[in-house]
Each structure stands twice: as structure tokens, then as C-alpha cells.
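Trainee:
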Amino acid sequence: MTLPSIKGDAIAAFPAERQKATVVTLPPAVPRRFDIIALATRLAQSIVPPLVVLLVLLAVWQVAFSGPGSSLPPPSEIWNESSDLILDPFFVNGTQDIGLGWRVIVSLERVAIGFGLAAVAGVLLGALVGQSVWMMRGLDPIFQVLRTVPPLAWLPISLAAFMDSRPSAIFVIFITAIWPVIINTAAGVRNIPEDYRNVARVLRLNQVEFFFKIMVPAAAPYIFSGLRIGVGLSWLAIVAAEMLTGGVGIGFFIWDAWNSSRLTDIIVALVYIGLVGFLLDRLVGFVGVIVTRGPAAS
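Taking the numbering used here, the leading residue of the sequence shown gets 1, the next gets one more, and so forth.
Encoded structure:
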């Protein structure tokens, strides 16, 4: 007795049209093109509104202070008297006669040192306060009192301690910028999910490993929020400190221009200060976005 073929019976069970396999060819991948129009649209949406507002403000300023006996110079007078500071910010005609670009670089050097020290010390102290309840109870009231002291109030103490204007200005930057870094870091450490801490216990991470692998990544958005506040306060503090300590920084330039009654130079210097402060804030925010890999710190 011949048994029927299982394969043949299985094939016969399907209609003829289902026995033929249909091969579907996917369309070739189209390379993603660079959309110039979309990029131009985004740039226009970001640049045109503030540019229009700026032009309107300049027009109002020009009309309001163009009359005789006005207390402030109009934009046209600023351009006529101080255009060299705008067009050539890196000229050098002597020890004190240098462009605003060089003065900004001198001030930025001091800010980099003071703010860098404040960032390192602030993150470490903030992590300590956030981790330990007893440290928080002991140090947090002291931090809250000290952070309310104005930056320039520290200048006489720093001059008496360091007896030099340069380290004194750096100390003022440090003591001004460290408080928001400490407070935000401590808040970030306290808000670390308990699951992360349990994972660290399971993996038996020591304190150093827990700091770099768990604490810093989890608290990074809080840390960079404090750093952005700190860098803004640092730039404010250095300008104020240089007005009193002298040197060639942007702050001393404003004070010297005031003593020489050069209001147009002061206004140009204020524009430089505002632009540099804006760039510093954006720079720290950009680094924060890269570190956190998301928009949390932006």
C-alpha cells in the first residue's frame, strides 16, 4: 500500500495562485537632501523678530534724544564718536590704549579661572550636602546666609587677604558663582531616583564610582542650571570688581570713560558686555545639552 505524500497533499491543499510567491521590491533609499529653504526659514524666524525690535528701539532712541540738551547721546552720535571701538576692537596703541576686544579677553581670563574653581568646588560641595542629611543641616544655613552678600562686599576682604588686584578679582568671581552651583547640585543629588541608588548597592559601587557613574549623570540637568546662573553672575562680578581694582579689563574701561565723560564709549562697552554675557550663557547651555543628551539643560 502506497502512502500519500504529505508534501504533495500539503501543496495540493492550497490554491494554485497561492503557490506562487510574490517578490516585492522595495524602492531604493532616497538620500536625505539638505533643505536650504527650511534652514533659511528657521534662521529668519530666529533673527528677523529681534532685529526688527532692535531697529525700532534704535529709531525711538534716536528721536527721543536728538534734541538739544539731551542727557544721553543718540545712536548717530555714538557711531560718529566711538565707531573705532566697534570697527577695530583689537587695536593696540599703548599700555592702556587698547581695543575693547583685548579688554574683554583680559576679563574673560579672570572669569575662566574664578568660575572654573567655583564649578569644581561647587559640584563637590553640592554633592556632599545632597548626599548627607547632617551636612545639609550644618552647611545649608551658612550657605544661605553667605550667598546673600553682594559681590563687591567681598572685595575689601579679598584685597586685604591677597594684597593684589588680580587674585582679589578672581576671588570675588569665585565667591559669587559658587552658591548657585552648590544649591542646584545639592537639589539634583537629593532628587536622584532611589532605583539608581539600589543599582549602585547591587553593583557594590564605591563612593568614587557612584559619584561619576550615578550621581553626576543623574544630577547633570540641575548642575548645568546652576552653572548657567553662576557664569552670568561671574560676568557681572568681574565688571563691577574691575571698576574698583583697575587694570585693563572692560570694567575699568567703563570707569575710566566715565571719569573722562565719554558716554558714547560707555554705551559701546555695555553692548560688548551684553553680547559676551549672552554668548557665555549659550555656551554653558550648549555644553549642558551635549552632556545630558537632551534639552533638559537648555
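Note that beta-carbon positions come from the ideal geometry of N, C-alpha and C, so glycine has one too.
Quick check on DSSP: helix, strand or coil for Val248?
Mentor: For Val248, the secondary structure class from DSSP, reduced to helix, strand or coil, is coil.
Trainee: With H, G and I counted as helix, E and B as strand and the rest as coil, what does DSSP make of Ile98?
Mentor: Ile98 sits in a strand when the DSSP states are folded into three classes.
Trainee: Return helix, strand or coil for Val289, following the three-state DSSP convention.
Mentor: helix
Trainee: Which residue wins for smallest C-alpha separation from Pro180, given the options Ala127, Ala200, Leu159, Val199?
Mentor: Ala127
Trainee: Tell me the rounded alpha-carbon separation between Ser298 and Tyr222.
Mentor: Its pLDDT being 41, under 50, Ser298 is placed unreliably by the model, and the measurement read from it follows with that caveat. Those two C-alpha atoms are separated by around 11 Å.
Trainee: If you drop the 5 nearest sequence neighbours on each side, which residues of the same chain put their C-beta closer than 7 Å to that of Ala219?
Mentor: Thr185, Gly188, Val189, Ile192
Trainee: Identify, in the order they occur along the chain, each residue of the same chain with its Cβ nearer than 7 Å to the Cβ of Gly101, setting aside the five sequence neighbours on each side.
Mentor: Pro89, Phe90
Trainee: Which runs of the beta strand (DSSP E), 3 residues or longer, sit entirely within the stretch 193 to 279?
Mentor: Listed in chain order, the beta strand (DSSP E) elements of length 3 or more contained wholly in the stretch 193 to 279 amount to none.
Trainee: Tell me which same chain residues have a C-beta within less than 7 Å of the C-beta of Ser168, skipping the five on either side of it?
Mentor: Short of 7 Å from the beta carbon of Ser168, and not among the five residues preceding or following it, lie these beta carbons of its own chain, in chain order: Leu155, Ser158, Leu159, Phe162, Thr245.
Trainee: For Ile267 and Val111, what's the separation of their Cα atoms in angstroms?
Mentor: 22 Å
Trainee: Where DSSP assigns a beta bridge to Val284, which residues make up the other side?
Mentor: DSSP output for Val284 lists no bridge partner at all.
Trainee: Which residue wins for smallest C-alpha separation from Ile290, given the options Arg262, Pro217, Phe252?
Mentor: Nearest C-alpha to Ile290: Pro217.
Trainee: If I'm right that Ile182 touches Phe143 with Cβ under 8 Å, what's the distance once you round it to whole angstroms?
Mentor: 6 Å
Trainee: Sorted by chain position, which residues of the same chain lie with C-beta nearer than 8 Å to Gly226's C-beta, five sequence neighbours on each side aside?
Mentor: Gly122, Gly126, Pro180, Val181, Ile182, Ile183, Asn184, Thr185
Trainee: With 16 other CB atoms within 10 Å as the buried threshold, where does Phe286 fall?
Mentor: exposed
Trainee: Under three-state DSSP, which class holds Val92?
Mentor: Reduced to three states, the DSSP call for Val92 is strand.
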